[in-house]
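> For the sequence shown, UniProt numbering assigns the number 1 to the initial residue and increments by one for each residue that follows.
Glycine is no exception: its CB is placed at the ideal position from the N, C-alpha and C atoms.
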Amino acid sequence: MTKPSIAAQVTPAQAIINEANRVIATLNFSTPADRDMVEAVLESLKEVADIIAPAVGKTLGIRLIAIRNNIHVNSIQAA
């Protein structure tokens with residue numbers, strides 16, 4: 001019998017959170033990612049999350065507002 005892959009154990013909500021956290025982290029690099037690009041990626045993730053994980057979508061919306069207002073954004077915690 002084969003062992004299940006690690007990816008199979010991640011919920012869709014957790015996968016969205018993981019990707020959002022990776023994108024948010026790029027804002028803190030020594031050469032940070034472009035804010036417009038970060039916003040675009042988070043907006044895309046939010047659209048998906050709004051359908052399959054509404055609570056995550058709401059959290060992403062809050063993070064987007066903070067980024068647009070130049071407020072420090074923490075990573076998203078799993079529920």
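Assign isoleucine 71 to one of three DSSP states: helix, strand, or coil.
Here the question's residue 71 lines up with position 71 in the sequence shown. Correct three-state label for isoleucine 71: coil.
> For the ligand SAM, is there a heavy atom less than 7 Å away from the beta-carbon of valine 41?
Absent from the structure shown: the ligand SAM. Ligands present: none.
> Output the distance between the C-alpha atoms of isoleucine 71 and valine 41, rounded to the nearest integer angstrom.
Working through the sequence shown from its first residue, we reach residue 71 at position 71. Working through the sequence shown from its first residue, we reach residue 41 at position 41. When rounded, the separation of the alpha-carbon atoms in isoleucine 71 and valine 41 is 18 Å.
> Would you kindly check if the distance between the Cβ of valine 23 and the Cβ of valine 38 is under 8 Å?
Numbered from 1 along the sequence shown, position 38 holds the residue referred to as residue 38. Numbered from 1 along the sequence shown, position 23 holds the residue referred to as residue 23. The answer is yes: Cβ separation under 8 Å.
> Just confirm the distance between the C-beta atoms of isoleucine 17 and valine 56, as a whole number of angstroms; I'd bet it's less than 8 Å.
Within the sequence shown, the letter at position 17 stands for residue 17. Within the sequence shown, the letter at position 56 stands for residue 56. Right, the Cβ-Cβ distance comes to about 6 Å (below 8 Å), so this counts as a contact.
> Throw me the rounded Cβ distance for the alanine 25 and isoleucine 76 pair, which I believe falls under 8 Å.
Along the sequence shown, one-based indexing puts residue 25 at 25. Along the sequence shown, one-based indexing puts residue 76 at 76. Between isoleucine 76 and alanine 25 the Cβ distance is about 11 Å, and since that is not below 8 Å, they are no contact.
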